[in-house]
Amino acid sequence: NLHVVRTYCSSEPKRPEAKSAIEMAMGLLHRLTETGTVMGKNSLQKVSATCKNWWDRYEEFVGINEVREAQGKVTEAENVFMVARGIVREARENVEAQQIKLKEIRDRLDRVSRDDTQYLELATLEHRLLQEEKRYRAAYLNAEESEREKFSLFSAAVRESHEKERTRAEKTKNWSIIGSVLGAVIGVLGSTYVNRVRLQELKVLVLEAQKGPINLQEAIKEQASNHYSQQKDLSDVIEDLKSVLQTTASRGVKEGALLTRETRNDSIKIDSLLTPLNEQLNYIKQVSSCLGSLQQQFNSLQESIAQVLSEMQSVKLAIHSRPTERVIPRSSGEGKGQASAVRDVILELCDTERRLETQIKRSSIYSTALTCAMFAITLPVLYIILKGN
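Everything in the sequence shown is counted per our numbering, starting at 5 for the first residue and increasing by one.
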């Protein structure tokens with residue numbers, strides 16, 4: 005019962021106050037910012053660790069780590085050697101100081117008589133200084149021996165460092181040569197593949213071009229056959245017209261003789277019959293005149309073609325013999341227009357020759373400059389590659 009009373013009498017726990025929306029948003033933004041910062045740091049650490057790992061592998065593969073270790077050993081050996089040199093220098097200074105003291109004591113002994121009481125003290129001091137000098141000299145000899153050992157270690161470390169550096173340079177040079185050879189092989193294979201593809205495309209184009217002229221030749225043959233058949237038909241028509249003309253002429257003469265004998269009624273009938281004959285004769289005359297004009301035009305066309313061919317041959321001969329000289333004036337029968345046309349053609353050919361010459365010179369200059377540039381670039385590269393030797 006007491007427990008129940010206490011339960012009812014105990015005060016209710018205080019509820020936490022509800023946070024406002026702004027505080028919740030700020031807290032969420034703060035958490036997101038912290039999460040982004042942590043993720044950025046983690047990603048940056050991963051990237052840096054990956055890069056460092058790959059760089060360490062590259063240095064180990066090339067041999068830079070071994071060279072660095074050898075250089076560290078050289079530095080340590082140099083420091084030890086310098087310490088040994090300092091010890092030797094200090095021991096030498098001690099020996100020299102003892103020698104100076106012994107010299108002073110001996111000078112004083114020479115000035116003091118043997119029966120003097122101070123002589124014994126000076127002799128004792130000289131004996132003690134001699135023992136100290138002996139000890140200092142032994143220390144000096146030991147220091148010199150240690151210096152020689154440290155120097156030999158230092159020399160060995162330097163030689164090892166140089167050997168590692170030379171090995172690294174040789175390895176780098178060999179790998180660079182291998183890479184150059186592989187690059188050249190890949191370039192040759194790529195260029196071969198590209199040339200093969202281009203040749204295939206060219207073959208396809210050639211086949212298409214061959215198919216095109218075949219169709220064109222067939223069309224030309226067909227047109228020629230049509231033209232020949234039309235010309236044959238036209239010649240047949242002309243022959244028929246000529247035969248009809250001859251028959252009508254003979255019939256006209258005979259009918260004229262008969263008309264003089266017949267009556268006027270028959271003359272009217274003959275006139276009615278002659279009208280279509282006259283029309284037919286007029287048509288035949290027109291056709292013959294058209295054929296004659298066509299023949300004249302064809303002859304004039306052949307003459308003009310022959311004249312043009314002769315002019316072209318003369319122009320070619322003039323160009324091959326003297327391309328820069330002036331053209332000799334032709335006979336008075338040829339017109340001034342033809343001479344001016346020939347002169348213009350020669351001038352254009354001369355201009356074309358000059359342009360080709362300038363283009364050839366320009367291309368030669370460009371090729372020479374490119375060759376010099378490639379040579380200037382190749383020399384430092386070869387020097388860097390062969391520097392290890």
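Backbone N, C-alpha and C define an ideal beta-carbon position, used for all residues, glycine too.
These figures come from a predicted structure and were not determined experimentally.
Three-state secondary structure assigned by DSSP to residue i
i, result
"Val116", "coil"
"Ser24", "coil"
"Gly67", "coil"
"Ala380", "helix"
Residue i versus residue j: straight-line alpha-carbon distance, rounded
i, j, result
"Arg96", "Arg141", "8 Å"
"Ile91", "Ser156", "17 Å"
"Val201", "Thr375", "29 Å"
"Leu193", "Gly183", "15 Å"
"Asn178", "Lys207", "43 Å"
"Met378", "Thr41", "51 Å"
"Ser47", "Asp60", "20 Å"
"Ser180", "Arg172", "12 Å"
"Glu307", "Ser195", "55 Å"
"Asp114", "Thr128", "14 Å"
"Tyr62", "Leu32", "44 Å"
"Ser117", "Asn98", "30 Å"
"Leu238", "Val248", "15 Å"
"Val241", "His231", "15 Å"
"Glu243", "Gln235", "12 Å"
"Lys365", "Asp355", "15 Å"
"Ala29", "Gln49", "30 Å"
"Asn57", "His34", "34 Å"
"Lys107", "Arg170", "55 Å"
"Glu226", "Gly187", "58 Å"
"Thr362", "Leu351", "17 Å"
"Gly44", "Glu205", "53 Å"
"Ile68", "Cys55", "16 Å"
"Thr37", "Ala25", "18 Å"
"Val185", "Thr372", "26 Å"
"Asn146", "Ile381", "57 Å"
"Tyr370", "His166", "45 Å"
"Leu209", "Gly191", "26 Å"
"Gln197", "Leu203", "One detail in the question is off: residue 197 reads as Tyr in this sequence, not Gln. Distance between the alpha carbons of Tyr197 and Leu203: 10 Å."
"Ser233", "Gln300", "22 Å"
"Glu64", "Gly76", "16 Å"
"Thr39", "Met86", "55 Å"
Own chain residues within Cβ distance below 6 Å of residue i, not counting five before or after
i, result
"Val189", "none"
"Glu164", "Ala74"
"Ala81", "Leu157, Phe158, Ala161"
"Glu148", "Val92"
"Tyr123", "Val116"
"Asn199", "none"
"Ser229", "none"
"Arg358", "none"
Proximal residues to residue i (C-beta, below 7 Å), its chain only, five neighbours per side dropped
i, result
"Glu70", "Lys168"
"Gln102", "Leu133, Glu136, Glu137, Tyr140"
"Asp119", "none"
"Asn5", "Any reading at Asn5 must be qualified, since the residue scores a pLDDT of 42, below 50, and its modelled position is unreliable; no value is offered."
"Gly337", "With a pLDDT of 45 at Gly337, under the threshold of 50, the modelled position of that residue is not reliable, and the figure given next carries that caveat. Within the same chain, Gly337 has no close Cβ partners at all."
Whole-angstrom C-beta distance between residue j and residue i, which should lie under 8 Å
i, j, result
"Ile109", "Glu125", "Contact doesn't hold; Cβ gap of about 10 Å is too wide."
"Ala88", "Glu151", "4 Å"
"Val84", "Lys154", "5 Å"
"Thr176", "Val66", "6 Å"
Contacting residues, own chain, Cβ-Cβ under 8 Å from residue i (five flanking each side not counted)
i, result
"Tyr2", "The structure shown does not extend to residue 2, since the chain is modelled only from 5 to 393, so the question has no answer here."
>> Runs of 3 residues minimum, wholly inside the region 87 to 174: which ones carry the beta strand (DSSP E) assignment?
In response: none
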